[in-house]
Structures are given as C-alpha cells and as structure tokens.
Amino acid sequence: MGLVRQVYNYQNNSYFLKLFRTAPGPRRIQLRNHPAQHESPVPPTATLAPESPQLAATHPVADAARLGLTSTPKTLPPWLFYDAPGSRLFEQITTLPEYYLTRTERELFTAHADEIFDLVSSSTGNQQLATGNFALTIAELGAGTASKTGILLRALTQRQPHVLYQPIDISPTALDEARAQIELTIPSVTVRPRTANYITETVRIERPPHARILALYIGSSIGNFSPAEARLVLARLRSELAPGDALLLGTDLAPNPALNGHSKSIATLLAAYNDAQGVTAAFNRNILSRLNRELGADFRPDRFIHRALWNPTHSRIEMHLESLSAQTVRIPAANGVAGALILHFAPGETIHTENSYKFTPAAISTLLASARFTTIRTFTNPHNLFAVTLATAV
Ligand code: AVJ
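Note that my numbering has the sequence shown beginning at 907, numbered continuously upward.
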C-alpha cells in the first residue's frame, strides 16, 4: 500500500511528503494530518482509492508514533488527539471563553441559515430548484456529534417536508449520538450515518432522485491540513458532487492588522490555544497518555509543556510539547517485532503535534477554486473572527 510520510529536509528547513510503495497494489495516497508544508507534495500519477479492509488491519497508532517520533524534529499527527478522553477534552475546549471558533460559527449559522438556503436554491440555475420543488440532502464530513448542524437542518425543514442528512465520521459512537439527538429533536429529518475515514477514503454520498447535495465541512477541520492536502480533500469531495451541488466550508480567519481593529489580534488567537484553565494543555498532553495506554509507552506527560505559537509565514497556529529536561522514553509496541522504540529528548526539544491554518477570505476562494468550487458568499461576523463560505461545484 502506498504511504505518504513526512520527511524533514535539512536544506530548506521544512517538511515534505513522500509517497512510499510498501506493498504491491494500486498506488494510493494516504492523507495524514501532520505538519507537512510543501506545495505539490504528491506525484501527479497518484490516485485516491478506497481503503482495503485487509491492508487497513495494521496498527495505525503504532505506525503514526514510530513514523513521527523517529523524524527530526519529532512530530505526531493531530488525529491522535481524538481517543475517548481526548474527544471529551475537545468538547470542553469548544465551550471555553477563549475558544471563539465554535461559538462564532454557531452564531453565523443562526444568523444566515435562511440566506444560505436561498442562495443554494438560486445559484444552481435549475428550474426545479427555482420553483422550490426540489429536495436538498445534507452530507457532512467529520460530522462528530453534529452539535451545530441542527441549526441548518431545522432551517431546511421549514422549506421542504423531508430532509435526508448523511453524517460521515470515523467515530461510530459519535454518529450514534448524532442520529439519536437529531431524530429525537427534528422528526422530519432522516439520519443515514456512514462510518468512514474521509481523509483516507473517497466517501460515497447518496443522491435521492432529482436531489441536490449540500456538503458541510465545518468547524475549521480543514485547518489541520497543509494547503496541498486541503486541496486534495476538497478535490476528492468535489468528485462526488455534480455541478450545482454546494459546499459550506467553515474556516478560522487569520489576524489582519490592515482591517484596523476589525480583526482579531494575535493575542486573541493565541489565547484560544492557550486557555487559562489549561484544557488545551491537557488536550495536547493527552496524546502522550494515549501512547502510554495503547502502546505501553512510559511518557511522563507532566515532563512536557504545552506550547502554542503563531507562525505568520505559514499563517497557522502550531502546537508543540516541549521536553522539560533530558529524558528517555520507551515505546514497547511501536516497533513491531524489533523490540521497544527508545526515544531520547534533549532539554527544550519539542514534538510538533498540530497545525491549525488560518485563512483570509481571498485564500479561501483560491483554495476552493483549486478544487473546482466557485465561491458564492463568505459570511463573517463584524470582528472577522471566523468565516462560513458557501460555494458551488462547477
Ligand atoms: C478541531 C482542528 C478545528 O484547530 O482549533 C482545538 C483543534 N486544537 N484546540 C482547531 C484544536 C487545539 C481544532 N480543530
């Protein structure tokens, strides 16, 4: 199976992605959430093929730990945050006073849901849609428990008698919760969940007869990807859509001093990733506890400090874990049959755990255009904290 891995380039001090062929079979890209930075990292011949269940029966956590922690500098991919305790910590983050993202996106949905559906109807240029005699189905990538989606679903049920909602997520338990909650509170919505990893697989979206699809990719989830990876994720989604279908994309906005106070400050941004209660620090350190739990590692999470910094060159927040002292860590289950992986940390050495890219409205439109979407409108709040962008497939 093909495997994209990040490789550190000492010459230009950056990461790039490399496609390794580790087994015979169709070449395919495995997108990983990691701090890769280079444009066009993937050979143009690479294709995205469905995950083979047989090949998928590896040890993704062990593989990710070995790959990332034997790199220089050390890294871990952010999807490792989301085990059960990590998912609970993330839910807690979304309610913190400093974490404006979730709250602001919810406000934008509440304020603009009707306008969004008006625009979806009129932008397709479809006769059926123009007369209001159509069905729109909503599919959501990385739906999780779909806590914000109810606002949009409820608004849509005011416009059509029945709504098919297709949440797609890697976590079946989150999807169960989403379905129970929505079917209980919005009876005219049918929830058809699909457990899938939209990062590694092309996910099929169901289209009822004559229906249009509105795809949701919200919550700034796309911010974890490098520009090249983000384009691939959107292009693959686009390949499941037809011209006239729509996409609603939620992205966090970059600080912009040119907006003269109508923009968040870097301090506001940093506070969202370095909250006073230390929930984000616990979330970051949980990645080490998870390796202890699942791989028998002997990390001492309290010997690593949470660091969040703003990287203006790449327009992203970076999260790191910084070793407080010289230390050695054993990871018994990260090395296959070869025995424990032994890691050495110098004092101050870091593990890079997350990138969270921040966008300008122009950068959002450019990214969308690169995946064959046309921007219809970008909704922002007066303080330019967050953006929700409606686009159509061209
Ligand atoms: C889930 C990727 C949108 O980048 O803000 C929150 C994850 N990391 N606090 C983000 C996260 C630290 C979050 N996303």
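Ideal placement from N, C-alpha and C gives every residue a C-beta, glycine not left out.
- In the structure shown, aspartate 1208 falls within a helical segment according to DSSP collapsed to helix, strand and coil.
- For leucine 1155, the enclosing beta strand (DSSP E) starts and ends at 1152-1158.
- At a Cβ-Cβ threshold of 8 Å, leucine 1273 and leucine 1140 count as neighbours.
- At a Cβ-Cβ threshold of 8 Å, glutamate 1013 and glycine 1125 do not count as neighbours.
- Its Cα nearest to that of glycine 1048, the residue Ala1102 stands out among Ala1102, Pro1003 and Asp1181.
- Assignment of histidine 965 by DSSP, reduced to helix, strand and coil, places it in the coil class.
- Collapsing the DSSP output to three states places valine 1300 in coil.
- Proximity of the stretch 990-1005 to the stretch 1272-1287 falls short of the contact definition, fewer than three beta-carbon pairs being nearer than 8 Å.
- If you check the C-beta of phenylalanine 1189 against ligand 1, you find a heavy atom less than 7 Å away.
- Rounded to whole angstroms, the gap between the alpha carbons of proline 966 and serine 1077 is 15 Å.
- DSSP places asparagine 1192 in the uninterrupted alpha helix (DSSP H) bounded by 1185-1201.
- For proline 1073, the enclosing beta strand (DSSP E) covers residues 1069-1075.
- Taking every protein chain shown into account, the CB of glutamine 1183 has fewer than 16 other CB atoms within 10 angstroms, so this residue is exposed.
- At a cut-off of 7 Å, the beta-carbon of glutamate 1112 does not count as near ligand 1: no heavy atom of the ligand is closer than that.
- Taking alanine 1239 as reference, the option from Ser1271, Thr1266, Asp1204 and Ser1027 with the minimal CA-CA separation is Asp1204.
- In the three-state DSSP reduction, histidine 1018 falls in the helix class (H, G or I).
- The beta-bridge partner set that DSSP reports for glutamate 1228 consists of Ile1211 and Thr1256.
- Here the distance from the Cβ of isoleucine 1074 to the nearest heavy atom of ligand 1 is not below 7 Å.
- Only exposed fits glutamine 1064, as fewer than 16 other CB atoms lie within 10 angstroms of its CB.
- In the DSSP assignment, glutamate 1046 falls outside any alpha helix (DSSP H) and within the unbroken beta strand (DSSP E) covering 1042-1047.
- Judged by DSSP secondary structure, threonine 1286 falls within the beta strand (DSSP E) whose first and last residues are 1279-1286.
- With respect to the C-alpha of asparagine 1217, the residue from Tyr1263, Arg1196 and Pro1115 having the closest C-alpha is Tyr1263.
- Here glutamine 1233 is bridged, per DSSP, to Phe1251.
- A straight-line Cα-Cα distance of about 23 Å links proline 1149 and arginine 1098.
- In the structure shown, arginine 1113 adopts coil according to DSSP, grouped into three states.
- Between glutamine 1066 and arginine 1100, the CB-CB gap reaches or exceeds 8 Å.
- Bounds of any beta strand (DSSP E) do not take in isoleucine 1092, whose DSSP letter is neither H nor E.
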